[in-house]
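**Q** Take a look at this one; I'll ask things after.
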Amino acid sequence: MVAVLLVAPAGRAVAAGHRDVVRTDAGNVRGVVDGVRRAFLGIPYAAPPVGDLRWRAPQPVRPWAGVRDATRYGSSCPQIATPGAPGQVPSTDEDCLFVNVHTPVRPRRGMPVLVFVHGGSGVGGAGSLYPGDALANRTGTVVVTLNYRLSALGYLALPALRAEAPALNYAIQDQQAALRWVRRNIAAFGGDPHRVTLAGQSAGALSTCVNMVSPRAAGLFQRAIIQSGACDLSYQPGEPDKAFAVSRKYAGQVGCPDGPGQLACLRKTPVAELLKVTPPAGGGAAAAIPGWTLVYDGETLPGNPIDLLKDGKGAKVPVMLGITRDEGRMLTAFQFEAVLGRAVTEQEYQQLLTGAFGPLAPVLGGVYSSGAYGSPENALAALYTDTMFACSADKIARTLAPRTPTYAYQFSDPDAPNFYIPVHDVDLGAFHAGELPYLFDTVTERPLTPSQKALSRQMMDYWAAFAATGNPAAAGQPVWPRYNTVTTAYRDLLPGGAPAVLRRGAFQDQHHCSLWDSLTTQSRPGA
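Here is the structure:
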């Protein structure tokens, strides 16, 4: 107890011998410090959003006395179980707004900080799924992961809520509260609050785009990494009236229709009941990803991020972005394994094309034919990959490159170990989220091979170099050329760490981006 009482003020713990107790602005925390990790887990960055705080802006944490245990992860935010996702378990605990801090075992002052926002379609996931110990130890980076409100708790948008407070998008507000926590406290763990990189994958990548254009996130990070996510929300009902309609329908299904008592009804409804009702699926190719939508509330999100970025608005920070080569294969495996218990047939594939693209179906069916891709499921997966990820990423890169340093990649390991194993025989290739075990200590079906470990080391070095300087140039690693509108190039991430570069023309050909660029917005999926 004496040692606890003698803890140094915030910002001085690193100089005091790598001790396992650090002082935050809300109180002291004791983490795990041993020969392989120095981690502080389950630190609250906001008050539990329960009771009357449900669907309100995150509130300050109540300070605590003594030393808080930070050796275990906190609860995941409420979510139902996701089939085939190890470590992702159902939760109904709304006391879930936690950050996890991973530092090198031997920390120093002024280390760059990487804040990672998890994906999960806005309905699942947790920071605990992405331990950053290996990344921190190899590169001297402080890695922060976090939880944020999901599903209706994070995205419900109703006129009554807007009447209470104009800012909606509670998931985004949570992320911004976590970033403010980092700014106030990360120096105590050895991090530099002025060298913060915001990174995210899938829904977390979309969140990164949103935070890039959100006035409320201005100055909270100095670089951004967008992994397998689009900045284009044109397929979602982001306008308030449309978003309100989705949420009104949801509230009615929960048993809380429009009226004076709607919010009181919703706030007293048990979490388990809220999770039983799901929002309507998106249209077109967007139907592959169930989930909630963001709303243009004018506070956290002024409009469609891609449009704002085109207009030169938002944070002008260095950006690294990219995709996995076969993004869509995981999506089709989830979509049809969950619904049908088998792969999609040719007839079903043609019906999907017609339903999503109408008169364009014959053209797209010719380009994305089962013969060209080996099966109807792989053809559909390629279509998902190209329109939802690859060509969207290229569009973002083209938009950003004239204004800010931009670096692009494609993760192309065709044998990446997976964490979702379909019953039917399907080659997942370089699937959606396949790059994550190369950066984090995530659970997979098998360990990385020696050549994959070499790629993992390379990727860690690139990500950390970018977090440190805004340029992925890493000592001992192949050059990563900057993306520009003249000599554009993608770093092709391959097993063994081969120095491969994919020129933009080859990237566009591989993913048929010229075709998608030629389609009008009205013809794109989900429009």
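At position 32 of the sequence shown the residue is numbered 32 (full-length UniProt numbering), and the sequence of numbers has no breaks.
Virtual Cβ for every residue (Gly too), placed ideally from N, Cα, C.
Just checking, does the stretch 488 to 497 make contact with the stretch 403 to 418 on the three C-beta pairs under 8 Å criterion?
**A** Taking 8 Å as the limit for Cβ pairs, the verdict is that the stretch 403 to 418 does touch the stretch 488 to 497.
**Q** Could you name the residues that DSSP lists as bridge partners for Pro44?
**A** Against the sequence shown, residue 44 aligns to sequence position 44. In DSSP, Pro44 forms a bridge with Phe98.
**Q** What alpha helix (DSSP H) runs, 4 residues minimum, are completely inside the stretch 330 to 372?
**A** Fully enclosed alpha helix (DSSP H) runs of 4 or longer: 346 to 357, 361 to 367.
**Q** So is the beta-carbon of Gly27 under 7 Å away from any non-hydrogen atom of the ligand FMN?
**A** What this structure holds is no ligand at all, so the ligand FMN is not there to describe.
**Q** In three-state terms, what does DSSP make of Pro481?
**A** As a first step, residue 481 must be located in the sequence shown, where it is residue number 481. Of the three classes helix, strand and coil, the one that applies to Pro481 here is coil, per DSSP.
**Q** Please report the distance separating the alpha-carbon of Met320 from that of Asn378.
**A** Residue mapping note: residue 320 aligns to position 320 of the sequence shown, counting from 1. Residue mapping note: residue 378 aligns to position 378 of the sequence shown, counting from 1. Cα to Cα, the separation comes out at about 28 Å.
**Q** Can you tell me the Cα-Cα spacing of Leu383 and Leu455, whole angstroms?
**A** Residue numbering aside, residue 383 sits at position 383 when the sequence shown is read from its first letter. Residue numbering aside, residue 455 sits at position 455 when the sequence shown is read from its first letter. Roughly 27 Å between the two C-alpha positions.
**Q** Let me check understanding here. Comparing Cα to Cα, which of Asp232, Val142, Gly238, Thr324 lies closest to Pro414?
**A** The residue labelled residue 414 in the question sits at position 414 within the sequence shown. Comparing Cα-Cα distances from Pro414 to each of Asp232, Val142, Gly238, Thr324, the minimum goes to Thr324.
**Q** Could you check whether Ser392 and Thr300 sit closer than 8 Å to each other, using their CB atoms as the reference points?
**A** One-based indexing of the sequence shown puts residue 300 at position 300. One-based indexing of the sequence shown puts residue 392 at position 392. Going by C-beta atoms, Thr300 is not nearer than 8 Å to Ser392.
**Q** Report yes if the C-beta distance between Leu428 and Ala333 is below 8 Å; otherwise report no.
**A** Indexing the sequence shown from 1 puts residue 428 at position 428. Indexing the sequence shown from 1 puts residue 333 at position 333. Result yes, Cβ atoms of Leu428 and Ala333 sit closer than 8 Å.
**Q** Exposed or buried, Val426, counting other C-beta atoms within 10 Å across all chains shown (16 or more means buried)?
**A** Taking the first residue of the sequence shown as position 1, residue 426 is located at position 426. It counts as buried.
**Q** Could you give the DSSP three-state label for His512: helix, strand or coil?
**A** One-based indexing of the sequence shown puts residue 512 at position 512. Coil at His512, not helix or strand.
**Q** Which same chain residues end up closer than 8 Å to Arg138 when comparing Cβ atoms and leaving out the 5 residues on each side of it in sequence?
**A** What you label residue 138 is simply residue 138 of the sequence shown in a count that begins at 1. Excluding positions up to five away in sequence, the list reads Arg457, Met460, Asp461, Ala464.
**Q** What does the alpha-carbon distance come out to for the pair Gly365 and Ala474?
**A** Against the sequence shown, residue 365 aligns to sequence position 365. Against the sequence shown, residue 474 aligns to sequence position 474. Computed Cα separation, rounded: 42 Å.
**Q** Which residues bound the beta strand (DSSP E) around Arg72?
**A** For this step, residue 72 is matched to residue 72 along the sequence shown. Here Arg72 belongs to no beta strand (DSSP E), and DSSP marks it neither H nor E.
**Q** What do you get for Pro63, buried or exposed, if any count of 16 or more other CB atoms within 10 angstroms of its CB means buried?
**A** Here residue 63 refers to the residue found at position 63 of the sequence shown. By the neighbour-count rule (16 or more Cβ atoms within 10 Å), Pro63 is not buried but exposed.
**Q** Helix, strand or coil for Gly219? Go by DSSP, reduced to three states.
**A** Here residue 219 corresponds to residue number 219 of the sequence shown, with the count starting at 1. If DSSP states are grouped into helix, strand and coil, Gly219 belongs with coil.
**Q** Taking all protein chains shown into account, do 16 or more other C-beta atoms lie within 10 angstroms of the C-beta of Thr485, making it buried, or fewer, making it exposed?
**A** The residue you call residue 485 lines up with position 485 of the sequence shown. Per the 10 Å Cβ criterion, exposed.
**Q** Could you check what DSSP says for Ile80 in three-state terms: helix, strand or coil?
**A** Here the question's residue 80 lines up with position 80 in the sequence shown. Correct three-state label for Ile80: coil.
**Q** With distance defined between alpha-carbon atoms, name the residue in Arg38, Gln477, Thr145 nearest to Arg19.
**A** Walking along the sequence shown from the start, residue 19 turns up at place 19. With distances taken between Cα atoms, Arg19 lies closest to Arg38.
**Q** Taking buried to mean at least 16 other C-beta atoms within 10 Å of its own C-beta, is Asp258 buried or exposed?
**A** Locating residue 258 in the sequence shown gives position 258, counting from the first residue. Looking at its Cβ environment, which holds fewer than 16 other Cβ atoms inside 10 Å, Asp258 is exposed.
**Q** Tell me where the alpha helix (DSSP H) around Met212 begins and ends.
**A** Taking the first residue of the sequence shown as position 1, residue 212 is located at position 212. Looking at the DSSP string, the run of the alpha helix (DSSP H) that includes Met212 is 203 to 213.
**Q** Nearest to Thr24 by CA position, among Val113, Val33, Ala65, is which residue?
**A** On the sequence shown, residue 24 is found 24 positions in, with the first residue counted as 1. When each option's Cα is compared against that of Thr24, the closest is Ala65.
**Q** DSSP state of Arg19, grouped into three classes?
**A** Residue mapping note: residue 19 aligns to position 19 of the sequence shown, counting from 1. Three-state result, Arg19: coil.
**Q** Return helix, strand or coil for Asp307, following the three-state DSSP convention.
**A** As a first step, residue 307 must be located in the sequence shown, where it is residue number 307. Helix at Asp307.
**Q** Specify, as a first and last residue, the run of the beta strand (DSSP E) that Ala500 falls within.
**A** On the sequence shown, residue 500 is found 500 positions in, with the first residue counted as 1. Where Ala500 is concerned, the enclosing beta strand (DSSP E) stretches over 500 to 503.
**Q** Please state the DSSP three-state secondary structure of Ser228.
**A** The residue given as residue 228 occupies position 228 in the sequence shown. Three-state result, Ser228: coil.
**Q** Out of Ala218, Pro481, Gln79, Glu346, which one is the CA nearest neighbour of Ala315?
**A** For the purposes of this step, residue 315 is taken as the residue at position 315 of the sequence shown. It is Ala218.
**Q** Starting from Met460, follow the alpha helix (DSSP H) in both directions and report where the run begins and ends.
**A** Looking up residue 460 in the sequence shown gives position 460. Its alpha helix (DSSP H) spans residues 450 to 469.
**Q** In three-state terms, what does DSSP make of residue 542?
**A** Within the shown structure, residues of the chain are numbered from 1 to 527, placing residue 542 beyond reach of any answer.
**Q** Count the other CB atoms within 10 Å of the CB of Ser128; is the residue buried (16 or more) or exposed (fewer)?
**A** Residue numbering aside, residue 128 sits at position 128 when the sequence shown is read from its first letter. Burial call: buried.
**Q** If you count every other CB in all the chains shown that lies within 10 Å of the CB of Leu340, and 16 or more means buried, which is it?
**A** Position 340 of the sequence shown, counted from the start, is the residue given in the question as residue 340. Exposed is the call here.
**Q** Measuring only the C-alpha atoms, how far is Ala245 from Leu502?
**A** Taking the first residue of the sequence shown as position 1, residue 245 is located at position 245. Taking the first residue of the sequence shown as position 1, residue 502 is located at position 502. Whole-angstrom Cα-Cα distance: 43 Å.
**Q** Using the Cα positions of Gly328 and Gly358, report the straight-line distance between them to the nearest angstrom.
**A** For this step, residue 328 is matched to residue 328 along the sequence shown. For this step, residue 358 is matched to residue 358 along the sequence shown. If I take the Cα positions, the gap works out to 21 Å.
**Q** Report the partner residues of Thr24 according to the DSSP bridge assignment.
**A** Within the sequence shown, numbered from 1, the residue matching residue 24 stands at position 24. Gly27, per the DSSP bridge assignment.
**Q** Take the Cβ of residue 528 as the centre, count every other Cβ of all protein chains shown within 10 Å, and call the residue buried at 16 or more, exposed below.
**A** There is no way to answer for residue 528, as the model of the chain reaches only from 1 to 527.
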